[in-house]
Every structure is written in C-alpha cells, then in structure tokens.
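First up is the structure itself, then whatever we jot down about it.
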Amino acid sequence: MDRNDPGRFHFRIHLDLVLLLGLLMVSGMGLIVLYSAGQQNLDLVLAQGVRLGLGFVILLALAQAPPHFFRFWSPWIYLGGILLLLAVLVAGDVSKGAQRWLDLGVIRFQPSEIMKLAAPMMIAWFFANKPLPPKLLHLLGGALITAIPFALIVVQPDLGTALVVGSAGAFALFLAGLSWTILLALAGVLGAVIPLFWTFGMRDYQRQRVLTFLDPESDPLGAGYHIIQSKIAIGSGGVYGKGWLNGTQSHLDFLPEGSTDFIFAAFAEEFGLIGGCLLLVLYFFIIARGLYIAVRAPDTYSRLLAGTLTLIFFIYAFVNAGMVSGLLPVVGLPLPLFSYGGTSMVTIMAGFGMLMSIHSHRRP
Amino acid sequence: MKTWRPLAREPLTREKDDTAESELFFRRALVLLCAVLLGLLAVGGRLVYLQVLNHERFTTLSDGNRVRMQPLPPTRGFIFDRNGVVLADNLASYHLEITREQVPDLDATLTELRQRIELTDLDIERFRRLLQRSPPYAGVPLRFRLTDEEIARLAIDLHRFPGVDIKADLTRRYPLGPRTVHVVGYVGRIDENEMRRIDPGQYRGSTHIGKLGIERSYEEALRGRAGWQQVETNAEGRPLRVLSRTPPTPGQHLHLTLDVRLQMAAEQALEGHNGAIVALDPRNGEILALASRPTYDPNPFVNGIDFASYRALNTSKDRPLFNRALRGVYPPGSTIKPLMALAGLEHGTVNRHSGVHCPGFYRLPGSSHRFRCWRRSGHGSVSMDRAIAQSCDVYFYSLAVNLGIEKFHAFLSQFDLGRPTGIDLPAESSALLPSPEWKRRVHNQPWFAGDTVSFGIGQGYFLTTPLQLAHSTGIIAQKGAHFQPRLLYATEDPGTRVKTPEAPRAQPRVTVRNPQFWDTIKSGMVQVVEGGTASRIRSPQYRIAGKTGTSQVFTLGQSQRYSARSLPKHLHDHALFVAFAPFEEPRIAVAAIVEHGGGGGATAAPIARKVMDAYLLDRYDEAILAEMQAAMRDTRAHGSE
Numbered sequence: 192m193d194r195n196d197p198g199r200f201h202f203r204i205h206l207d208l209v210l211l212l213g214l215l216m217v218s219g220m221g222l223i224v225l226y227s228a229g230q231q232n233l234d235l236v237l238a239q240g241v242r243l244g245l246g247f248v249i250l251l252a253l254a255q256a257p258p259h260f261f262r263f264w265s266p267w268i269y270l271g272g273i274l275l276l277l278a279v280l281v282a283g284d285v286s287k288g289a290q291r292w293l294d295l296g297v298i299r300f301q302p303s304e305i306m307k308l309a310a311p312m313m314i315a316w317f318f319a320n321k322p323l324p325p326k327l328l329h330l331l332g333g334a335l336i337t338a339i340p341f342a343l344i345v346v347q348p349d350l351g352t353a354l355v356v357g358s359a360g361a362f363a364l365f366l367a368g369l370s371w372t373i374l375l376a377l378a379g380v381l382g383a384v385i386p387l388f389w390t391f392g393m394r395d396y397q398r399q400r401v402l403t404f405l406d407p408e409s410d411p412l413g414a415g416y417h418i419i420q421s422k423i424a425i426g427s428g429g430v431y432g433k434g435w436l437n438g439t440q441s442h443l444d445f446l447p448e449g450s451t452d453f454i455f456a457a458f459a460e461e462f463g464l465i466g467g468c469l470l471l472v473l474y475f476f477i478i479a480r481g482l483y484i485a486v487r488a489p490d491t492y493s494r495l496l497a498g499t500l501t502l503i504f505f506i507y508a509f510v511n512a513g514m515v516s517g518l519l520p521v522v523g524l525p526l527p528l529f530s531y532g533g534t535s536m537v538t539i540m541a542g543f544g545m546l547m548s549i550h551s552h553r554r555p
Numbered sequence: 069m070k071t072w073r074p075l076a077r078e079p080l081t082r083e084k085d086d087t088a089e090s091e092l093f094f095r096r097a098l099v100l101l102c103a104v105l106l107g108l109l110a111v112g113g114r115l116v117y118l119q120v121l122n123h124e125r126f127t128t129l130s131d132g133n134r135v136r137m138q139p140l141p142p143t144r145g146f147i148f149d150r151n152g153v154v155l156a157d158n159l160a161s162y163h164l165e166i167t168r169e170q171v172p173d174l175d176a177t178l179t180e181l182r183q184r185i186e187l188t189d190l191d192i193e194r195f196r197r198l199l200q201r202s203p204p205y206a207g208v209p210l211r212f213r214l215t216d217e218e219i220a221r222l223a224i225d226l227h228r229f230p231g232v233d234i235k236a237d238l239t240r241r242y243p244l245g246p247r248t249v250h251v252v253g254y255v256g257r258i259d260e261n262e263m264r265r266i267d268p269g270q271y272r273g274s275t276h277i278g279k280l281g282i283e284r285s286y287e288e289a290l291r292g293r294a295g296w297q298q299v300e301t302n303a304e305g306r307p308l309r310v311l312s313r314t315p316p317t318p319g320q321h322l323h324l325t326l327d328v329r330l331q332m333a334a335e336q337a338l339e340g341h342n343g344a345i346v347a348l349d350p351r352n353g354e355i356l357a358l359a360s361r362p363t364y365d366p367n368p369f370v371n372g373i374d375f376a377s378y379r380a381l382n383t384s385k386d387r388p389l390f391n392r393a394l395r396g397v398y399p400p401g402s403t404i405k406p407l408m409a410l411a412g413l414e415h416g417t418v419n420r421h422s423g424v425h426c427p428g429f430y431r432l433p434g435s436s437h438r439f440r441c442w443r444r445s446g447h448g449s450v451s452m453d454r455a456i457a458q459s460c461d462v463y464f465y466s467l468a469v470n471l472g473i474e475k476f477h478a479f480l481s482q483f484d485l486g487r488p489t490g491i492d493l494p495a496e497s498s499a500l501l502p503s504p505e506w507k508r509r510v511h512n513q514p515w516f517a518g519d520t521v522s523f524g525i526g527q528g529y530f531l532t533t534p535l536q537l538a539h540s541t542g543i544i545a546q547k548g549a550h551f552q553p554r555l556l557y558a559t560e561d562p563g564t565r566v567k568t569p570e571a572p573r574a575q576p577r578v579t580v581r582n583p584q585f586w587d588t589i590k591s592g593m594v595q596v597v598e599g600g601t602a603s604r605i606r607s608p609q610y611r612i613a614g615k616t617g618t619s620q621v622f623t624l625g626q627s628q629r630y631s632a633r634s635l636p637k638h639l640h641d642h643a644l645f646v647a648f649a650p651f652e653e654p655r656i657a658v659a660a661i662v663e664h665g666g667g668g669g670a671t672a673a674p675i676a677r678k679v680m681d682a683y684l685l686d687r688y689d690e691a692i693l694a695e696m697q698a699a700m701r702d703t704r705a706h707g708s709e
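Chains as they are written, first to last, in our numbering: chain A, 192 to 555; chain B, 69 to 709.
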C-alpha cells in the first residue's frame, strides 16, 4: 500500500503503538473503576466493554483512511452537521428540558456530537491553503466557522458540547498563529464587556443563576449537593485511597452519578491521590503524544486537525476533573474513556482514529 | 477513491512558506502543551488540597456520612381582610413521607403501609410520579392530613420501616372558603409546568404554590425564603442532631382592602342568580367586594381535589370555577350611556340642552332598517338629562353616528375599557372595546355604519367586565380622578408585626374641556334613580346616582318583540346596574350583573342597593356576622393568630 511502509505489522494497519498503549491503559483502568462505582454490576462493565470495543473498531477503520480523504470530506461533513443542527432546532426531541436529539426513525442521535469533529476539520480545511499566520479576514472566517455551530448548540441548550466546540475553534485559531496582540486585545474587550453586561444586560434572576453556576455550594440541596458529596468522596480518599470496592461515598449512594459524570470522585475515593495523579499523568502522556503527532505532521491541514483533536481530549479531561473536584463550575462533560456512556466515547475514539491516520500516512 | 486525489495534490499557494509555518506551529503547540501541563497540575494541586490538606475533615464527614441536608420550607404568610378577619391561614397537620434511598423494598413497604392506613391508587400514582423527579435523598410525601387514629396506628411499628416518616406540616386553610375564593384564590401542589418556571432553590422543601387569585399574584411575598439545615443521622438515616442551620424567612402577611362582610352581603344579594358584583372605593381604587356567583370551596384543591368532584365543578353549566367579576365579559348595554354622553359633550357633538326627537326607532340616512328604542312608542323630544334618566336609545344612536367610532374609541379607552384595569389579580380579561381596525384584523370586514349605531347603546361587539364597569363608574364619581383598582391594603412583617400600608396607585387623570360636563352626566345619573328607570331603589338615607342596563344575549328579528315568557332562560337578557353613592361625596362605586336576569332596573338595581346599604349604613345580616365570627373563633382555636 504505502511504499515507505517500514513493514512492521502495527504500522501496516496504521496504528501508533505509543498512543494506543495510553488509550488502552486509561480505558482498562476505567473498566476496573466502573465495576466498583457501578455497584459491582458486571452487566454495566460488559456494556461499557462492548462500547469500548466498538470505539476501537471505529478508531481502526478511520486510521486506514489517508488524511487527504478527511480533508476532501471536511466541508461536506461540516455542512451536513450544520443542517442537522438546524433540523434539531426545528424538529428535535426535547429531553430533560433541552432540544438535542434528532429522531431519524432508525436511530436517535445528537448532531452536536458530530460538530466536535466537524468544526476542527472545517477550520483545518479552511486554513490549509491560506498563508499562516492568517490575515485578519481569514481569522474572522475561522471564527465564523466556530461561531455558527457554537450558537446553534448554545440555544439547544447544551453548555458542555458548546464549550467543546467553542474551545476547539479557539485552539485551532491559536495553533494557526493568531497573533498575541489580537489575543490580548480580545481579552481586554471581554474584560470590559462582561462587567457592563452583568450590570445592564441581565435581570436579577439571571444573575442569580450565574452565581449559583459559579458557586454551586450556595445551593447545597440542589446544584451544590453533587459537589459537596463529590468533594467528601475525593477528600476522604486521602493519599492511598480506601481501596478498590471500599469506597463508602459511592457505595452508600451518597455520590450522585458516580458511574457517569462523577466517576472521577469514585475513583479518587478508592485509589487516593496516587491513583488520581497516575490518571493525570496518563492523560498528559496521551495529550503530549497527540501534540507530537501534530508537530510531525507534513501539512497544515493535518497539523491543525491533529492538534485540535488532541486538545479537545484535554478539554474533556480537564473540565470534568475540575468540575468533580470543585475547581470549575458544573458543566456536563464526561471523563474521557472513564465515564459510563456511549455517545462521546465514539467521538473521542474517532478523533484518535484520525490522529493515527495522520501519523501513520506520513512519508518519512 | 481516485476522484479526490487531484484536489489533495493541489499545489500550495506561492505565499505559503511551509518551513516557517511548521516552526510557528511547533512554537504554538509547545505553548499549549505548557498550558495543558498547568491545567493538569491545577487539578493535581486540587487533589492535594482535598486529599492531603483537608483529608481529616472530609474523612469525618464521610465516616459519619450520615450528614444530610434538609430543606426548611418557610411558613406562608396569612391573608386578612381590611378589618383583620382571617381569609387564609395554615393549619398544623401531619403527612407520611418516604425517603427513597433508605427504603430497601419500596413495593413491599407500600403494601404493608396500605394495611395500616387508607391509601388510594391515586395517592400511590401521585407519589410515584413525584418520586421520579425527586433525588433519592429527598423525602417524598405519600399521604396528607393523617388522622390522629392513623398516626397512632403507624407509630406503633414505624421503626420497622426505614425511610418512612411522619412529618409535621402546615396545610393552607381558607376559613371562609367559598365566600372569598374568587379573590383569595388558593394554593395547590406544584405541577410540572410550574416546576419549569420556578427557581428550584427557592422552592426546596415547599410542595405548594399559589395557583389563583391573591395567592398567585402575591406568591413571592407570601412564600418567604427557604432555609436549610445540616443534620447528622444514624445508620438508617434518622436525624440525631442538627449541625448547622440557616433558618427560613417566613412569608409576609397580607391585609386586603376587601371587607369580607360586604363580600358576603354582595354574594347573598345575588342569591338565586348567576352573576357578579364589584364594589370599590372610588377615592383610592380599593376593592371592597368582588363577588362572583356561583362559587366553590377552595379547601379541597389544596392537596389535590378528587377527580369526580373536579369534573362536577368543571362541567356544571353554571360554571362555578369561572370568575365572572374578573373574566366575565358582557355587553355594557345602557350602563355605558353616561360615558357616551360625556364623549359627546367633550367633542361638542351635543350640549346639555340640545334635544333629539325619539319616534321609537332610528333609521340611518338612506336605509330602511329600523334600530328600535326600548320604548316602542318613543320618548318624544329628549334632552341629555332625560335621555340618561329614561335611557332613550334613539338619542344615543344619533349621538354615536354623529360622533363616529374612532373618537368614541379614543375617549372610552381612558376609562380602561377594552384593556385590563391592572388590578392585582391574575388573568384579568381586557374584554373588548371595538374599533374599525380591530374588526378588519379579526373579522376581516370593514366597519359598517350600523356597527356604530349598536355601539352607541353598548351592544354589538362592545364587551366589558364587571370590574371595568365598577372602575369606570368610580372615575365618573371622582370627576376624572383615576386609581388603579387594587386589593392589597398593607403587608405585615410576621416577626416584627410592623404593617406597611400600600399607597393608592394614582393614574393620569381623565380630563375634559369643561369640568361641568362631569356634573351634567352625574345629574343625569341621579335622575335615573330619582324618577328614571331605577326609581324603585331610591333611598331616603342617601342619594344614589346610577344607570341601568339590559344587554341582549339574543338578537330579535325586525318585527319580533322580546318576551321573557316565550324565550328559554339562557336567552334572557342580562340585567346590569352601575352606581355610586352618596351622590355628594361618593364613597362606593358598584357594578352588578345578573346573568339572564331580565331588566337592569328591576333585577340588578335592587341588588346593588343592598350592597350600598350594607356599606354606607353599616347594615349587615345577622347570618353574615355569625358566619364571620364562627370563622374567626375557629381560627383562634387553631392558634393561627
């Protein structure tokens, strides 16, 4: 297939062993923790295992396609994603107060999930032929590519996904060479506008909501309950942890959503500071490898795409761990490769599939 | 797969410098890698803070993680009438509550509980619905208002049911129930729609919300603010001691402008009819009585009325749930004539002395259609005073045609006709003050000259609520001084018992070219009672100014005569009467509407007179005073004062 093929099997099937090792280690740990956090329900672990398997199949499949294949399809996927988001707005199903789902009869899915990949692909495609660092006009184009899906997802409303798509765009622009001057100017403008908006643009109850969002512990029976219980779980774990299957917070049902969004707390309770730091190191390892692949990539499109996808993974890990430990406000993002649930798992694995494709189709 | 090849091989534009770009990218990626490292270090630092520095504190919390948050719902404020009679208070009662996460087998527990106390399928169904949207650590009520006997039966072996508790609570109670429901409204359990609308933090631990009336419009003030406490519990989750406590702020007591004696007198005066009476003080807009009959008891609604009773109320053809005073819309009929006359004076279309000849009918120029006067033989030559006193239709047909609909519309709007008066009750109807623009928009038809003719005597499309009629009559009584009708008299802080009186809500005055115009129409209204269509209610003690009205429910053919005997009751005319008294210094303005009551002078005027007598002469029926005192005794016995 590839003339410069070093001939080793993993390279022939377009896998990057280093990255794969990191992913396998994290997801393996995830399954072990899930068994405990999910009240030792083996079915739960099996279901998650099946999902992981499916994720790896998707990863493997995408890794076979060369990067210019992704490049060719980028605008079409993006356009399709936008149309689907519009369709959700018009005809979507409402669940838990937000309109996110599109029911196509056969399958029900969240088009916003597609955007987590489509937005970085589109920005990379957009800058691929433009001289970098980009001119102001091109920067505005890149910002617009992010802003459209961002706005469509915010109105659903799905704050978590909007955050992922928005930060993907921001990272892509930064990687493309957004100048520091503009960056500082933007920060300055935001710093000036936010207090004005706070004083004149919002009603009292809206301000109250924002305050509760920023400081959930002011509502200890509602938004704050999760955080208070989650901090107790983490803090009581100590340096060495209470040991696998010995976490009381999660087992006595004090920790809400202990196997999904708050699984990090269940993990830190049983495995302590040592376990928590090990996981953070593994995440750093995966991210560093992803950025390495991006830097080694041969063209602008591959570089931008690989870099942005890697940083999306970081956003997931950072926002979730930050939220669960009470460092950041509560935004509904899962812990990647750990949290029980399928939707974002597929997206993340697909992203790594593209990373592997970029790495393995490189001419040395 | 070949198709996309050429595009991918597209040569790079000459401006692109790949080496420089890949160096730029490398620098940027390095910056971001540092950012990633910082972010993960921050999380790591947070873990150190929680797991090393605060480890002991969290271990204590986790070990006895028997620490629970309990909401402390605030006590809802009471509602009083203007003389301090309690219209709504809270009764101490007990309910059965289940905390999901502490119950090992819910179904078994429910079955066992069923053998001890009465639990209907409805109770269970409601409980399960509520359970679904409550967190597992929250107590969900299963049965309300347990009897003493049931409490005794449960208490014997309550320890066998972890997670099941008997909880004290307060049940909203309306001592005068049906008498005041159309004003006070009621509270009920929070439903799914309200769930989305409210701020959950504020309703933590509260199960009820104002649904109607004052309970709804002053929900915020009545509710107060929720508090919460941290309690330590034993292994089964039973509270052992309170660790910290933020007390709730109780809701404000509300004092209404309503005089409940007058309210009952008004309702009694309507005995045997469906209808409404609104009485207010024209000097400040305070509502004294707002009665709608028939009425219903709000108390069963508080904890959920049973389906059969609700259906009976909802399908009754008398529509007891319907608040006629606020939402009933009726053609004002002749009661609008004084305002029509005032509009004519203001625009110079007529003057006090100009006369019109009434042959018993009116014909538009060039048309053969006859608009009849209520008196078939005609009134002969009529001036303004006599036109109001005798309610001559032809005079007002002619006035309406000469002045034109647009000017009427603008003039009458100043009296809040066709728009909400702004009373502090929810869901007030704006009724309808028609205009050519409205007719085009809604009916897609032009405004015909004949529409103006019927408009002149308050018929046709013109609709008003009893509240609007009392309100506009009050403005006449005060010669243009305009106060928004209101029910809130004062708020009282339950802790300090300090009352804050509510100020009258003055609106821009209605002004006319010549203030004597007011005297002209007022003198016409006095003659209605002293020699006109309502002579029978003339009172020796004080002077009444009023106007009768009879509004058609049913349009007669050109040659037909209205005959109450030959028509079914639901097609009988509505009887209306508006009045203010005493004439010299008005203290009360009244509008009375009797559905299908026939003539305004015969049916509605005596009813309005009873209300004015009660208020001005302080003359109340023994039965009313006895009922009020019984309610007050009952309230004191339960210690709500």
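C-beta atoms are modelled at their ideal positions from N, C-alpha and C, and glycine is treated no differently.
Mind listing, in chain order, the continuous alpha helix (DSSP H) runs of no fewer than 4 residues lying wholly within the region 88 to 157 of chain B?
-> 123 to 131
* Between the CA atoms of Arg-494 of chain A and His-201 of chain A - distance to the nearest angstrom -> The alpha-carbon of His-201 of chain A is positioned some 22 Å away from that of Arg-494 of chain A.
Please confirm whether Asp-410 of chain A has its beta-carbon closer than 8 Å to some beta-carbon of chain B.
yes
(message) Less than 8 Å between C-beta atoms, sequence neighbours within five positions excluded: which residues of the same chain meet that for Arg-508 of chain B?
(response) Pro-514, Trp-515
message: For Glu-304 of chain B, would you say it is in contact with chain A, using Cβ-to-Cβ distances shorter than 8 Å as the test?
response: Only weak support is given to the placement of Glu-304 of chain B: the predicted model assigns it a pLDDT of 49, under 50, and the value that follows is read from those uncertain coordinates. It does not; no Cβ of chain A falls within 8 Å.
Next on the checklist: Give me, in chain order, the residues of the same chain whose beta-carbon lies closer than 6 Å to that of Leu-432 of chain B; leave out the 5 immediate sequence neighbours on both sides.
Outcome noted: Ala-517
- Length of the line joining the Cα atoms of Gly-592 of chain B and Val-658 of chain B: 17 Å
*Consult DSSP for His-259 of chain A and reduce its assignment to one of helix, strand or coil.*
Shown here, His-259 of chain A sits in a helix according to DSSP, grouped into three states.
Worksheet item: According to DSSP, is Gly-192 of chain B helix, strand or coil?
Response: Residue 192 of chain B is actually Ile in this sequence, not Gly. Helix, per DSSP.
- Item | Interface positions of the region 91 to 107 of chain B facing chain A (Cβ-Cβ less than 7 Å), listed along the chain | Leu-92, Phe-93, Phe-94, Arg-96, Ala-97, Leu-100, Leu-101, Val-104, Leu-105, Gly-107
Between the region 429 to 436 of chain A and the region 458 to 470 of chain A, do three or more beta carbon pairs fall short of 8 Å?
These segments touch.
Exposure of Thr-215 of chain B, with buried meaning 16 or more beta-carbon neighbours within 10 Å
exposed
Can a CB atom of chain B be found closer than 8 Å to the CB of Ala-334 of chain A? False, the Cβ-Cβ gap to chain B never drops below 8 Å.
Original post:
Does the distance from the CB of Ala-344 of chain B to the CB of Arg-392 of chain B come in under 8 Å?
Top reply: yes
| Is there contact between the region 357 to 369 of chain B and the region 245 to 262 of chain B, where contact requires at least three CB pairs shorter than 8 Å? | yes
_Proximity test, Cβ basis, 8 Å: Phe-462 of chain A and chain B_ = no
inquiry  = Under DSSP, the alpha helix (DSSP H) around His-638 of chain B begins and ends at which residues?
reply    = Where His-638 of chain B is concerned, there is no enclosing alpha helix (DSSP H), given that its DSSP letter is neither H nor E.
Using 8 Å as the cut-off, can you tell me whether the region 557 to 570 of chain B makes contact with the region 609 to 617 of chain B, which would need three or more C-beta pairs spanning the two stretches below that distance? no
Quick one: Cα of Val-346 of chain A to Cα of Arg-125 of chain B, how far?
41 Å
DSSP state of Asp-237 of chain B, grouped into three classes?
strand
**Asked** Who are the near neighbours of Gly-600 of chain B in its chain, counting only those whose CB is closer than 7 Å to its CB and skipping five residues on each side?
**Response** Once the five neighbours on either side are set aside, the close Cβ partners of Gly-600 of chain B are Ala-457, Gln-458.
- Please determine if the region 265 to 280 of chain A and the region 226 to 236 of chain A are in contact, where contact requires at least 3 C-beta pairs separated by less than 8 Å. Under the three-pair Cβ rule at 8 Å, the region 265 to 280 of chain A does not count as touching the region 226 to 236 of chain A.
Query - Classification of Phe-93 of chain B by the beta-carbon crowding that lies within 10 angstroms, buried from 16 upward - result: buried
Do Gly-351 of chain A and Gly-523 of chain A come within 8 Å of each other at the CB atom, strictly closer than that value? yes
Looking only at its own chain, which residues have a Cβ that is under 6 Å from the Cβ of Tyr-242 of chain B, when we skip the five neighbours before and after it?
Ala-156, Pro-366, Asn-367.
Quiz item: For Ile-612 of chain B, which of helix, strand or coil comes out of DSSP?
Solution: Three-state DSSP puts Ile-612 of chain B in coil, outside helix and strand.
Note to self: Can you give me the C-alpha to C-alpha distance between Tyr-465 of chain B and Ser-522 of chain B, rounded to a whole angstrom?
What the structure shows: 7 Å
### Query
Who are the Cβ neighbours of Met-263 of chain B in its own chain at under 6 Å, not counting the five residues just before and after it?
Excluding its 5 nearest sequence neighbours in each direction, Met-263 of chain B has no C-beta neighbour in its own chain below 6 Å.
So, with DSSP's three-state summary, where would you put Val-209 of chain A?
helix
* Give the C-beta separation of Pro-139 of chain B and Arg-240 of chain B to the nearest angstrom, bearing in mind that I take them to be a contact with Cβ-Cβ under 8 Å. => Contact between Pro-139 of chain B and Arg-240 of chain B does not hold, since their C-beta atoms are separated by about 18 Å, which reaches or exceeds 8 Å.
For this session: Kindly identify the DSSP beta-bridge partner or partners of Gln-297 of chain B.
Result: Note: Gln-297 of chain B sits in a beta bridge opposite B:Gln-138, B:Arg-313.
inquiry  = Taking a contact to mean a Cβ-Cβ separation below 8 Å, would you say Ile-425 of chain A touches Leu-244 of chain B in this structure?
reply    = no
Of all Cβ atoms in chain B, is any one closer than 8 Å to the Cβ of Ser-516 of chain A?
yes
Taking the C-alpha atoms as reference points, what is the distance between Thr-754 of chain B and Met-545 of chain A?
Since the first residue of chain B shown is 69 and the last is 709, residue 754 of chain B is not available in this structure.
Please work out which residues of its chain come closer than 6 Å, Cβ to Cβ, to Asp-386 of chain B, disregarding the five sequence neighbours upstream and downstream, and give them in chain order. Asn-342, Pro-362
Between the alpha carbons of Pro-400 of chain B and His-321 of chain B, how many angstroms are there, rounded? Cα to Cα, the separation comes out at about 37 Å.
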